[in-house]
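Just so you know, the sequence shown maps onto residues 1 to 455 in UniProt numbering. Structure first, commentary second.
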Amino acid sequence: MHERSSKLKIIYKYLVSAIILAVPLYPKFPLIEVPGTFVSVRLEDFLLALTFSFFVLISITRLKNLLKSDIVIGILLFLIIGLVSTLFGIIVLKTVLPHLGILHWIRRIEYFTAFFIGILAIKLNKGDLNYYVKLFLIVIVLCFIYGFGQKHFYWPIIITQNAEYSKGVALRYIPGSHVNSTFAGHYDLSTFLVLTLPFLIALFFILKKYRDKLLIGGVIFMGLWLMVNAASRISLFSYLLATTLSLLMLKKYKEILVIFVISLVFVGYSSNLIARYSRVFDVLKGKYLINYSLTAPLVFASENLVSPRRDHPTPTPTPQPPIEDRSTSIRLNVEWPRAIRALIKNPFLGTGFSSITLATDNDYLRLLGEVGLLGFASFLLIFVRLLKDILLKFPFSLHFQRLELAFITGVSASLIGVGINAFFIDVFEASKFVIVFWLLVGIIIGMVDNHIYEE
1 MHERSSKLKI IYKYLVSAII LAVPLYPKFP LIEVPGTFVS VRLEDFLLAL
51 TFSFFVLISI TRLKNLLKSD IVIGILLFLI IGLVSTLFGI IVLKTVLPHL
101 GILHWIRRIE YFTAFFIGIL AIKLNKGDLN YYVKLFLIVI VLCFIYGFGQ
151 KHFYWPIIIT QNAEYSKGVA LRYIPGSHVN STFAGHYDLS TFLVLTLPFL
201 IALFFILKKY RDKLLIGGVI FMGLWLMVNA ASRISLFSYL LATTLSLLML
251 KKYKEILVIF VISLVFVGYS SNLIARYSRV FDVLKGKYLI NYSLTAPLVF
301 ASENLVSPRR DHPTPTPTPQ PPIEDRSTSI RLNVEWPRAI RALIKNPFLG
351 TGFSSITLAT DNDYLRLLGE VGLLGFASFL LIFVRLLKDI LLKFPFSLHF
401 QRLELAFITG VSASLIGVGI NAFFIDVFEA SKFVIVFWLL VGIIIGMVDN
451 HIYEE
């Protein structure tokens, strides 16, 4: 019996390893197309299902206690409200196609399984954290190599931004565009880096050995190259904020300035990112000039009331088009109003999963539109309870050391960065990112539980 249990644990460890490697690195090639949609069943879906099956086999005797967890209760509450909302949208509001709405609901369940997988991964052997972190280093290195190849050697790009691309069509990098690396979009890649770079930077300043620092520093530089070439303005801000928070918690005050300087140097080499930030300033300046021009000019009395005669007519100048930022304009004029209309239609339950099309570019508005105030509140409740459990061990330096300290500090700080990204990106619908996100959050909760048990 003990030998069988040991084998299950070893298999489980390598299945978790496969998730860490395959989810970020394997392009989103479709395996099985779902009729009537452009959503496909992919490799990651089978991998998660298999790993979760082993989770159930290993944890069968602990499931009763697990269901008593405040976090798990919050997750179940969100899923129940989401199901009720979707059924209401199918039956009453007619805003949801049945197969599509249920598929989106099942997707949410799938994403949350990564949370439970992460908890067990670290509970079985807390020493495995070092092994898992090394895998994330490998992921970033390979993402860098592939992203570099996309930009300079025109390696294929696989994205899922529309129905045609989601079939696995290979694209090529166009100068001035975004680097996606192995991710389905540049926003997914940059948000993944918001999640992972802060704990690597924290680890860099905690480690003592020069060789270890050199290795981690090289990976951080690769991550920064990916960040600035993904050219997501909000992600750069979120990364800097999350890194600052993690270093503040570690009392590494001088190091914050070092990170800012290095990051800005990388930004200086990204003409695309500089152009995108410049566009924001141009829009703000344009709005200021418009407001200034609306001010009534001064009027003076004049003795000459007759306009001078012109021999040739003066052509009317062509009005200049208004200066606007395309992505911001789409959000403000199309996507966000659509979500708000869905919320107004059914404030408490929304109009159901999948009812407001593919993108909202604001996960909070998407939640409000799809599952209403009740679903939104239940989702926030999950994070309130997560933070409550994590803060039981704050300040972290009193309970954790070295790798564990860097990991829990960096990932905890990155929760704030991811939360900011969610104002402009549908981060919790991006499968590559959200699976890794819940896996890491699960590992943190497992670490906290281990320390509570030991004490």
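C-beta: ideal position from N, C-alpha, C; glycine also.
Exercise for the section: Can you tell me which of the three DSSP states residue 497 falls into? Expected result: Summary: the structure shown does not reach residue 497, with the chain confined to residues 1 through 455, and so no result is reported for it.
Handout entry: W105 and L77 closer than 8 Å at C-beta
Key = no
Handout entry: Distance, P156 Cα to L171 Cα
Key = 5 Å
Exercise for the section: Could you have a look at V41 and say whether DSSP puts it in helix, strand or coil? Expected result: strand
Exercise for the section: Over the uninterrupted alpha helix (DSSP H) stretch that includes R172, give me the two end residues. Expected result: First-last for R172: undefined, no H or E at that position.
Practice task
Just confirm the distance between the C-beta atoms of G185 and I159, as a whole number of angstroms; I'd bet it's less than 8 Å.
Solution key: 6 Å
Exercise for the section: Using DSSP bridges, identify the partner residues of I32. Expected result: V41
Exercise for the section: Give the C-beta separation of A114 and L48 to the nearest angstrom, bearing in mind that I take them to be a contact with Cβ-Cβ under 8 Å. Expected result: 7 Å
Problem - Runs of alpha helix (DSSP H) lying entirely within the region 230–257, each at least 4 residues, in chain order - result: 233–249
Exercise for the section: Under the assumption that L43 contacts L31 (Cβ atoms under 8 Å), give the Cβ distance between them as a whole number of angstroms. Expected result: 6 Å
Handout entry: Three-way DSSP call (helix, strand, coil) for I157 in this model
Key = strand
Problem - 8 Å CB neighbourhood of L129 in its chain, flanking five on each side removed - result: I122, L403, E404, F407, I443, M447
Handout entry: Residue nearest to F183 in terms of C-alpha spacing, selected from I416, P24, S263
Key = P24
Handout entry: Proximity below 8 Å, CB of L226 to CB of S263
Key = no
Exercise for the section: Under 7 Å Cβ to Cβ from S17, same chain only, skipping five residues before and after it: list those, please. Expected result: L135
Exercise for the section: Measure the CB-CB distance between D426 and T328 and report whether it falls below 8 Å. Expected result: no
Problem - Rounded straight-line distance, which links the Cα of K208 to that of I216 - result: 12 Å
Practice task
Could you tell me whether the region 86–98 touches the region 351–368, using the rule of 3 or more Cβ pairs below 8 Å?
Solution key: yes
Practice task
Pull up the distance between the alpha-carbon of S431 and that of R107, whole angstroms please.
Solution key: 9 Å
Problem - C-alpha distance - I19 paired with I117, whole-angstrom precision - result: 10 Å
Problem - Touching by the beta-carbon criterion (3+ pairs, under 8 Å), the region 192–206 and the region 408–415 - result: yes
Problem - Close Cβ partners of F428 (< 6 Å) along its chain, the five nearest in sequence each way excluded - result: D363, V434
Practice task
Can you tell me which of the three DSSP states D361 falls into?
Solution key: coil
Handout entry: Under the three-state DSSP convention, the category D426 falls into
Key = coil
Handout entry: C-beta contact flag for S246 and S190 at 8 Å
Key = no
Handout entry: CB-CB length for N421 against S235, believed under 8 Å
Key = 6 Å
Problem - Beta-carbon gap between I81 and G417 smaller than 8 Å - result: no
Problem - Own chain residues within Cβ distance below 6 Å of Y187, not counting five before or after - result: S232, I425
Problem - Helix, strand or coil at G223 [DSSP, three-state] - result: helix
Problem - For T61, the three-state DSSP class (helix, strand or coil) - result: coil
Handout entry: Among N450, D449, L439, I445, the one whose alpha carbon lies nearest that of F52
Key = L439
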